[in-house]
Structures are given as C-alpha cells and as structure tokens.
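Under the working numbering, the first residue of the sequence shown carries the number 42, and numbering increases by one thereafter.
Don't be surprised by glycine CBs; every beta carbon is placed ideally from N, CA and C.
In what follows, a single structure is set out as structure tokens and then discussed.
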Amino acid sequence: MGSKFDRAYRYLKGMYADNYYPRVLVDRVRGEIEGVVGWLEMGEHDSEEVQERFDSMTSAINDLSVVFTENDSEIGTGARNAIALDVINIISYYKLPVKVNDALRLRTW
C-alpha cells in the first residue's frame, strides 16, 4: 500500500449535497473514512488488519447514528449508499482483499 489516495476525491458527495444531513456530522463520518485511508497510506497491512480497521470505522459511524437522530436526521438509504460508494472506491484503489459488505459488516444503519 503506502500510495496516496486522490486528494481531490470528494467523500460523501450525496450527503454533502443534501441539507437533511447536518454538515458537522457528515464531516465526522468523513473523518472516520479518511482515517482508514490515512492508515492504509502508512504501509502494508494484512487482510485481518484491514478488516479490523473497517470494523473500527463502522463502529464509530454506528455511534454517530445516534447523534444524527438527535439532530432530526438519520443514516438512511442515501447516507448508506454514499458511505458504501466511498468504501468501494477505497477498496478498489488499494486493491484490498475485502468486499464492501464485509468491510461494513458491523453497520447498524
């Protein structure tokens, strides 16, 4: 790994385009996703480590779903699709040995 993900990539496009999602919360979801990318850029990781990192990201987003609800929003279909698209693009870019459904296996949203 170790290569740099496209710095111009726009994470969570659908969520940022929809005022239903509080921007500050979308920023926090993006931060979780960017955390995975930053970790991947640090070097080689085995399949188990990759899965654990995606599990950690997903658990953190699960925790944020409560905050979305408290702000009259939710991680519904549009948000799920936006998050999954970013994860798919990351998996593809880094040629990771994980499928999107496995990467997001702990999601409660």
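Check: Nearest candidate by alpha-carbon position, reference residue 46, set 68, 114, 80; Outcome: 80
Check: Simplified DSSP state of residue 120, which is helix, strand or coil; Outcome: helix
Check: Min CB distance residue 96 to chain B below 8 Å; Outcome: No chain B appears in the structure shown, which is made up of a single protein chain.
Check: Segments assigned alpha helix (DSSP H), at least 4 residues, entirely inside the stretch 77-125; Outcome: 88-111
Check: Residue 144 - DSSP class collapsed to helix/strand/coil; Outcome: helix
Check: Pairwise C-alpha distance: residue 76 and residue 91; Outcome: 12 Å
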